[in-house]
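Accompanying notes for the structure given below.
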Amino acid sequence: MSPNAAAGQTRQSEGAQATVAHRLPHPFDPHAWLDLKCMVGAGAYGRVYMAGDTAGRRFAVKQLNKTPAARREISLHQRCNGHPNVVGMFGSHEDHLGLWMILEYCPDGDLFHHITHADGIFHSDRSANEPTIKLAFSQVCDGIAWCHQRGVYHRDIKPENVLVWLERDPMTGYIRPVLKIADFGLATERPYTHDFGCGSTFYMSPECIGFAGNPPPAYGSGPTDVWSLGILLLNIVTAQNPWRQAHPREEAFVYYQRDPHNFLARLLPITDALQRCVCRALELSVRHRCTVQELRSAVLDC
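Read in full-length UniProt numbering, the sequence shown has 162 at position 162, and its numbers run on one by one without any break.
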């Protein structure tokens, strides 16, 4: 899975202008400051910096333009705060340079790195890492389920938007990965939406792409997140995408529509049990598609 393949084509907006030589109010201490150290990431909706305080604590700081979309992102992320599998948000700030989100710093990269690199948590032999795969995916499901319970639908689930924190047990030395949902830039609180083409193309559901109907009806935001989780699961297990987009112009997807179970078995090195789990998430009929909790349970049991 190439970097471009994993990312798909996320909708673009004008990025915020940045400066590293900048200070922000400390989220915990009214008499202290955060100093921006370096830029650690940039995306369609802003730039992310690593910041620190005089006590040596590190934070991630996301800089955004002063737009309604950015304010919505801050509000929806704050609503989902407080779960171990969602990147923590400590506060926000507004000044002449834009809007700033002060976030939990995750030093061990994103899920895309761990899927595609030999030094990642899954290594190269996926069959030997089944417990890690199940743990990692169940955590992603837990984070998304929490968001859904809070009335927030992510709409851009992909490896780059899942951050990793490696916790080491000081007694045993065992390293336990903790995965955290990040980037609520495309999130919505609307359970049904007409925002077609929202997200990254490799992870969009057929109804989100909008080819079913003329004009297409509104589609469910929750089931679309489940579809994205199904593709993400295939990424984790196989480091591949099954198709470029779930559209009738895409030959691989056409074959999947004709014979979902046998198509995946022929295309990807997955077990029969996992194939059944994936097909529940990639169910073409939204009415019969599983929920996030059902997908989590099925993967842990397979």
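We put the CB at the ideal spot given by N, CA and C, even for glycine.
- Counted as a single uninterrupted DSSP element, the stretch harbouring E294 is not any beta strand (DSSP E) but the alpha helix (DSSP H) occupying residues 292–301.
- For secondary structure counted as the alpha helix (DSSP H) over 4 or more consecutive residues, the segment 146–209 holds these complete runs in sequence order: 206–209.
- The beta carbon of V254 is closer than 7 Å to those of P248 in its chain, skipping five residues each way along the sequence.
- Assignment of I270 by DSSP, reduced to helix, strand and coil, places it in the coil class.
- The residue from Q63, E73, W33 with its alpha-carbon nearest to that of A55 is W33.
- Here P25 has W33, H93 as same chain residues with Cβ atoms under 7 Å from its own Cβ, once five neighbours each way along the sequence are excluded.
- For H96, DSSP records no beta bridge to any residue.
- Rounded to whole angstroms, W165 and R287 show a C-alpha spacing of 35 Å.
- Of R176, H148, G185, the smallest CA-CA separation from N161 is found for G185.
- Counting along the chain, F59 sits inside the beta strand (DSSP E) bounded by residues 58–64.
- Rounded to the nearest whole angstrom, the CA to CA distance from L264 to Y219 is 25 Å.
- For V40, the three-state secondary structure derived from DSSP is strand.
- Apart from the 5 residues on each side of it in sequence, R176 sits with its Cβ closer than 6 Å to the Cβ of E167 in its chain, given in chain order.
- Exposure of G151 is indicated by the presence of fewer than 16 other C-beta atoms within 10 angstroms of its C-beta.
- Only exposed fits P84, as fewer than 16 other CB atoms lie within 10 angstroms of its CB.
- Listed as beta-bridge partners of P84 by DSSP are no residues whatsoever.
- Judged by DSSP in its simplified three-state form, G120 adopts coil rather than helix or strand.
- With respect to the C-alpha of L282, the residue from L295, T271, A60, F196 having the closest C-alpha is L295.
- Of the candidates L76, P206, N129, the residue whose Cα lies closest to the Cα of D183 is L76.
- Under the three-state reduction of DSSP output, L34 falls in the strand class.
- The alpha-carbon separation between Q139 and E207 amounts to approximately 26 Å.
- Assigned with DSSP and collapsed to three states, E251 falls in helix.
- In this structure, the beta-carbon distance from P223 to L234 does not fall below 8 Å.
- Within its own chain, the residues whose Cβ lies closer than 8 Å to the Cβ of T271, once the five positions on either side in sequence are excluded, are C302, listed in chain order.
- Here I157 is near D225, since their CB atoms are less than 8 Å apart.
- Ranked by Cα distance from C198, the first of P217, V178, R155, T172 is R155.
- In the three-state reduction of the DSSP assignment, E283 falls in the coil class, being assigned neither a helical nor a strand state.
- Distances from the alpha-carbon of N81 to those of A136, T132, A145 put A145 closest.
- The three-state secondary structure of D142, taken from DSSP, is helix.
- In the three-state DSSP reduction, D53 falls in the coil class, being neither helix nor strand.
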